[in-house]
Amino acid sequence: MIVRLMGEGQYRVSDDLRDRLSELDDLAGAAAEADDEPELDGHLDQMWELVRAEGEKLPDAELSPSDAVIPPSDLTLAETRRLMSAEGFIPDLPAE
Amino acid sequence: MAGLMSRTSNVISAWISKLLDRAEDPSVTLDYSYERQREQLQNVKKGVADVVTAKKRLELQTAKLEQEVVKLEGQARQALGAGREDLARGALERKALAQQQLQGLDQQATDLEAQQQKLIEAERRLAAKVEAFRSQKEVIKAQYSAAEAQVRIGEAASGIGEEMADTGLAIERARDKTEQMQARAGAIEELTEAGTLEDMTGTGGSELDRELAQISASHQVDDELARLKGELGAGQEKKELEQ
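The listed protein sequences derive, respectively, from chains A and B. Per our numbering, residue 14 is the first one in the first sequence, and the count goes up by one each step. Per our numbering, residue 1413 is the first one in the second sequence, and the count goes up by one each step.
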């Protein structure tokens, strides 16, 4: 699936990476619910690092929309919560 | 359901498909979409340019503030020379506060620099996508049936819409940051201005200016009094001697 790192562009991620991101996303969602900003930021940083390290950056001219968007950890908790949906940052996609 | 960006691009692609449903001729809509994208790209370019300008202005302001902070020490020295430790303390306190604030401003400037670099890259990415849309729309017009074209256009347009929304949000955040920095710089300016020695005799001077001016004036008065006393005293002695 295609993931956007907010403000930094899109990456294609493997199914395996998607699953690991989903786990971190659950933790991030829980941290946000618990108002635990350091915890949330830690999970978001981990998600960014994973996508950067293992994702494949899409070319600039690629026109596909993303399946998920990951906010950066320098957003405040309030800003992040506004962006977040009930299911977290990564949607539960049906397996392809 | 995903984050704001996906939702934003969904809104945009929904809007575009609605537009496409209404259009009789998909090729007309394609050209229209492309024109809209070019307009929005211009807005993004202007937004990025505004952030760059605001950042440059802040850099000049910060450099000036650093000079003002140095001046405060000179004032403290002057006040101390005049035997006014209270005034010297006040000037040094302001200097310390202003220095702390300046350090905070430096950190924000570093963050803004990074944001600015990302914005410039985002603008480049968006321009590449709009250009890709321009060439794709010609292919779509030439090769696909109206129904197929609609699907492809919808996807491409929502991809671009997402990039637009993401860049727009990044511009907004950078703009917020420059506003915070401007407020901070303004506060430092007030701190240092309360102590600047410019225009000592004028009406624009601060409390410290006026007090220092008073000291200097009262020193002058003391000196002159002493001189007059000296002259008078000398005159008196001369008189006494003559008698």
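For glycine and all other residues, C-beta sits at the position ideal for the given N, C-alpha and C.
- For the region 26-39 of chain A, the beta-carbon criterion of a distance under 7 Å to any beta-carbon of chain B is satisfied by none of its residues.
- Going by DSSP, Leu18 of chain A is part of the beta strand (DSSP E) stretching over 15-18.
- Our two residues, Asp1578 of chain B and Lys1549 of chain B, have alpha carbons roughly 23 Å apart in a direct line.
- For Ala74 of chain A, the secondary structure class from DSSP, reduced to helix, strand or coil, is coil.
- Linking Gln1513 of chain B to Gln1527 of chain B through their CA atoms gives a straight-line distance of about 21 Å.
- Taking C-alpha positions only, Asp32 of chain A is separated from Met14 of chain A by approximately 11 Å.
- Ala74 of chain A and Ala1544 of chain B do touch by the CB rule: their CB atoms are close to 4 Å apart, below 8 Å.
- Proximity to Ala1599 of chain B across B:Asp1635, B:Ala1646, B:Val1481 peaks at B:Val1481, based on C-alpha coordinates.
- Annotation: the continuous beta strand (DSSP E) that includes Val82 of chain A extends over 81-83.
- In the displayed model, Gly42 of chain A falls within a helix according to three-state DSSP.
- Under DSSP, Tyr1444 of chain B takes part in no beta bridge, so it has no partner.
- Short of 7 Å from the beta carbon of Glu69 of chain A, and not among the five residues preceding or following it, lie these beta carbons of its own chain, in chain order: Tyr24, Arg25.
- The continuous stretches of alpha helix (DSSP H) do not include Arg25 of chain A, which lies in the beta strand (DSSP E) extending over residues 22-25.
- Within the same chain, Leu90 come within 7 Å of Glu50 of chain A by CB-CB distance, once the 5 residues on both sides are set aside.
- Counting every other CB atom within 10 Å of its CB across the protein chains shown gives Lys1589 of chain B a total of 16 or more, marking it as buried.
- Closest option to Leu63 of chain A, judged by alpha-carbon separation, among A:Leu76, A:Asp87, A:Glu92, A:Leu37: A:Leu37.
- C-alpha of Glu1497 of chain B to C-alpha of Ile1532 of chain B: approximately 51 Å in a straight line.
- With at least 16 other beta carbons inside 10 angstroms of its own, Gln1449 of chain B counts as buried.
- Beyond the five residues adjoining it in sequence on each side, Ala1500 of chain B comes within less than 6 Å, by CB distance, of Ala1488, Ala1491, Leu1492 in the same chain, given in chain order.
- At least 8 Å separates the CB of Lys1553 of chain B from every CB of chain A.
- For Lys1483 of chain B and Gln1519 of chain B, the gap between their C-alpha atoms comes out near 23 Å.
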